[in-house]
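Protein chains in written order, with this note's numbering: chain A, 21 to 289; chain B, 21 to 289; chain C, 21 to 289. C-beta atoms are modelled at their ideal positions from N, C-alpha and C, and glycine is treated no differently. Note that the structure is a prediction, hence the values are computed from the model and not measured. Written out below as structure tokens is the structure these notes cover.
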Amino acid sequence: MQFRYLSLVRQQAPLEHCITNIVVTNFSANGLLALGASPFMSAMPQEVTEIQNFAQALLINIGTLNQSDVEAMLIAGKAANRTGVPVVLDPVGAGATLFRRKIVEQFLAEINFAVIRGNAAEIGFLAGTDWQGKGVDAGTGADSENLSRLAQSVAQKYRCVVALSGETDFISDGLKTYQICNGTRMLPKVTGSGCLLGAVIAAFLGVSPPQDYFSACTEACTVYAVAGELAAQGLSNEYGSFAMNFINQLGAIHETRLADKARVLAQHE
Amino acid sequence: MQFRYLSLVRQQAPLEHCITNIVVTNFSANGLLALGASPFMSAMPQEVTEIQNFAQALLINIGTLNQSDVEAMLIAGKAANRTGVPVVLDPVGAGATLFRRKIVEQFLAEINFAVIRGNAAEIGFLAGTDWQGKGVDAGTGADSENLSRLAQSVAQKYRCVVALSGETDFISDGLKTYQICNGTRMLPKVTGSGCLLGAVIAAFLGVSPPQDYFSACTEACTVYAVAGELAAQGLSNEYGSFAMNFINQLGAIHETRLADKARVLAQHE
Amino acid sequence: MQFRYLSLVRQQAPLEHCITNIVVTNFSANGLLALGASPFMSAMPQEVTEIQNFAQALLINIGTLNQSDVEAMLIAGKAANRTGVPVVLDPVGAGATLFRRKIVEQFLAEINFAVIRGNAAEIGFLAGTDWQGKGVDAGTGADSENLSRLAQSVAQKYRCVVALSGETDFISDGLKTYQICNGTRMLPKVTGSGCLLGAVIAAFLGVSPPQDYFSACTEACTVYAVAGELAAQGLSNEYGSFAMNFINQLGAIHETRLADKARVLAQHE
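Rendered as structure tokens:
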């Protein structure tokens, strides 16, 4: 596997417009800064259109919302589509409540996303009844083959790249699916670790051409999972230390270390 | 003292719905995750009723508010009362402004709380004129006996458990009052340390039967204070290190360590 | 240089009302607590007037906004002007969007600020067309003399103290300008490091008489930059460790260390 976008993120420091939830703003911004990107946080409907004129990427994360946030996300997403800024959707808790289900459906109908990042339950919700009809419980116990097909199915349905993250990550553009076997069980114990992954993916898209979004997304997820592995070394349940180490690793990680540690499997059809 | 609920929190990972302030969302979520609980942050009026169908506990913290938050808290609190989800109130700065006084009074009139957690000034405000009439300055200099009676008085007034936290914690159900002599002067120097305690109490209620809320609350406060003590070991004014250690300790603390360190005094009437 | 206000902050623990952005609330509160100040975060229009009756300082930071925040800032700022509470403006991203430009202009027209803190781009925007007309690109590459004159020019224009922070800080009251040569390139890689500086300045104003705001602001910036230097010792790109160390240093820093490390140049006209 080639790692070409990490160094571009560090060279170009892409300005990433984040509309994200109030739990993870600080951790997301610090993660992006450590990595080398330049976060711009704003959920003001009055300015989000203008921001798409100078942003390199847009993240829409629905973890917490109010009416003004929803409005800002719709305006920003559509403006980004017009100016060619890649948009990442993080449908946090997509299936958990009726309100979130409706918001996600509206966003998917009105905005074109370059990447959707979610856990198995969230991506499983996006797959909808057809997928559920196959009896897969995406939430727990889904085996590797099922998760791979789930990612692929949602990528085909929404014509975008899907990053299904978990113990193993599955990245699919609907044709090919890559499996990232790196990671650590400590990451999900830090709030916003999924949200920051969505933000990191957006930063990588911000320095890649559209035809390379799949590769950029796969590289982003690999960088992230390997940084997690390195941050967890020597720890068991010290989640405070882990969160600090993880930010350190996002700043320190480089291609040599990545090439040494990455375990990425290509699964072409 | 028996410690029975800490292990249940870790086994059951209770889903706790937090409606809390924008200063402490991240720290609260990380503290709950480290402990073993499962935080769900949302202040959307449109979904907070539904959340009470699958939540094990609800935290209402008024540290920062807007009109939509107040609405969400009222809806969520009443829904939780209907579905039997225990509700913890953290009346941050209750007496500091007229606005907060009115909000707290409205909440106490319309929602049944299982536990109210506050510092001496906040609980002193809830005690109202009768208590103030006794000339107690709950804010500073109140002696141990006064604080114990203050906690008991508010527990009786609102027919719930009161956790009055400070250098020493006083937990009362109106009949019996326990005094927790653990803790560290470093905790109040980390923002949200009181707020996270409220969240931790809610997690413990989420795995205990209603008749045991007093015990569960006492255990939660003991776990918290001992974790603080352990986190402060070897430190003087390194509050950044302390905050990290504290999250580590919430993940690491176990019954043997607790039994060794806990200094809890029962004060029956 | 005399350091007289750091110890007053620790003795008096000034209550600082912060209306700040959702990315930095936690870091700002922890930084203020570590330093010795007492943060009070609220953006509720209903209570911000009352808060000016017991606050020692007010911070207005426009990093993220909604309509209610803007309303609260205007109400609080005007009330603080009436009660004599010093107000610090942090015009985050002032020139970046039309919306922010208008908000900043409205604030500057309706509120008297004791200090404006910003980076070169933000202060450059406040200087307006006259300054831009001189062909200075305040964003990048501006030399030391230009930045010094920029700070002075904005201080004269708004009749307040200006703290232009960056690799070198320039503090000006329009007559004299001080240059603080301390600092570290790691600070800008921690989100909210500029915002926390604004908050720290406000805490120092809270314990100083109005005629000494320039000195108090200069001392605040020096304390901050030296704490950053000390926190960065031995680190290269471990921004997680740096952020923790920095909070530690804000708690530990004292006059002897400051006198030893501070490199402050006075530039009188």
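*With a 10 Å radius around its C-beta and 16 neighbouring C-beta atoms as the bar for buried, classify R120 of chain B as buried or exposed.*
buried
_Complete runs of the alpha helix (DSSP H) confined to the segment 67-127 of chain B [at least 4 residues]_ = 87-103
*When DSSP labels each residue in this structure, what does T197 of chain C get in the three-state scheme?*
strand
*For I273 of chain A, decide whether its Cβ has a neighbour in chain C, counting only Cβ atoms nearer than 7 angstroms.*
no
*asked:* Extract the residue ranges of the alpha helix (DSSP H) inside the segment 200-233 of chain C, only unbroken runs of 4 or more that lie entirely within it.
replied: Listed in chain order, the complete alpha helix (DSSP H) runs (minimum 4 residues) inside the segment 200-233 of chain C are 213-225.
_Which residue marks the beginning of the beta strand (DSSP E) containing A286 of chain A, and which one marks its end?_
V284 to Q287
*Does M206 of chain B get closer than 7 angstroms to chain A when you measure Cβ to Cβ?*
no
*What does a CB cutoff of less than 7 angstroms around L270 of chain C pick up in its chain, not counting 5 residues either side in sequence?*
G51, A54, L55 and A247
*Which term fits A134 of chain A, buried or exposed, when burial requires 16 or more other beta carbons within 10 angstroms of its beta carbon?*
Classification for A134 of chain A: buried.
*Locate the beta strand (DSSP E) running through R137 of chain C, then write down its first and last residues.*
V135 to G138
_Tell me the rounded alpha-carbon separation between Y198 of chain B and G138 of chain A._
45 angstroms
*Quickly, what does DSSP pair P34 of chain B with across the bridge? List them, please.*
Paired residues: none, contrary to the question.
*CB-CB length for I200 of chain C against V112 of chain C, believed under 8 angstroms*: Not quite, the Cβ-Cβ distance comes to about 21 angstroms (not below 8 angstroms), so this is no contact.
*asked:* So that I know if they touch, is there some Cβ in chain A lying closer than 7 angstroms to that of N50 of chain B?
replied: yes
*For Y233 of chain C, decide whether its Cβ has a neighbour in chain A, counting only Cβ atoms nearer than 7 angstroms.*
Proximity of Y233 of chain C to chain A, defined by a Cβ-Cβ separation below 7 angstroms, is not satisfied.
_Contact list for A54 of chain A against chain F, beta-carbon separation under 8 angstroms_ = No chain F is part of this structure, whose protein chains are labelled A, B and C.
*Where DSSP assigns a beta bridge to L184 of chain B, which residues make up the other side?*
Looking at the DSSP assignment, L184 of chain B forms a beta bridge with B:G138 and B:F190.
*asked:* Measuring alpha carbon to alpha carbon, tell me which residue in B:G194, B:L79, B:P230 and B:L26 is nearest G214 of chain B.
replied: B:L79
*Which residues mark the beginning and the end of the beta strand (DSSP E) in which M61 of chain A is found?*
S58 to M61
*Could you name the residues of chain C that M264 of chain A contacts, counting a contact when the two beta carbons are closer than 9 angstroms?*
E258, G260, S261, A263 and M264, listed in chain order.
*Could you tell me which chain A residues have their CB closer than 7 angstroms to the CB of I267 of chain B, listed as they occur along the chain?*
Y259 and G260
*For H37 of chain A, I'd like the list of residues in its chain whose CB is within less than 6 angstroms of its CB, leaving aside the five on either flank, ordered along the chain.*
F60, I71, A75 and L78
*Spell out the partners DSSP gives I39 of chain A in its beta bridges.*
A:I80
*Taking V174 of chain C as part of the alpha helix (DSSP H), name the residues at either end of that continuous run.*
S164 to Y178
_In whole angstroms, give me the CA-to-CA distance for T160 of chain A and V29 of chain B._
Unreliable positioning characterises T160 of chain A in this predicted model, as indicated by a pLDDT of 49, which lies under 50. A coordinate reading is not provided.
*Which chain C residues are close to M93 of chain A, counting only those with a beta carbon under 9 angstroms from its beta carbon?*
What M93 of chain A touches in chain C: nothing, since even the nearest Cβ is about 14 angstroms away.
*Which residues in chain C sit within 7 angstroms of N46 of chain B, going by Cβ to Cβ distance?*
By Cβ distance, chain C contributes N46.
*Give me the Cα-Cα distance between N132 of chain A and C241 of chain A, rounded to the nearest whole angstrom.*
21 angstroms
*Quick one, are the C-beta atoms of G260 of chain C and M264 of chain A less than 7 angstroms apart?*
yes
*Along chain A, which residues have their Cβ under 9 angstroms away from the Cβ of M61 of chain B?*
N41, I42, V43, G83, T84 and T211
*According to DSSP, is I273 of chain A helix, strand or coil?*
Judged by DSSP in its simplified three-state form, I273 of chain A adopts coil rather than helix or strand.
*Is the beta carbon of G203 of chain B sitting closer than 7 angstroms to the one on V44 of chain B?*
no
*Just the C-alpha distance for T297 of chain A and N46 of chain A, rounded to the nearest angstrom, thanks.*
Since the first residue of chain A shown is 21 and the last is 289, residue 297 of chain A is not available in this structure.
*Helix, strand or coil for E258 of chain C per DSSP?*
coil
*asked:* Measuring only the C-alpha atoms, how far is G83 of chain B from T188 of chain B?
replied: 22 angstroms
_With distance defined between alpha-carbon atoms, name the residue in C:L94, C:M93, C:A140 and C:S168 nearest to A116 of chain C._
C:A140
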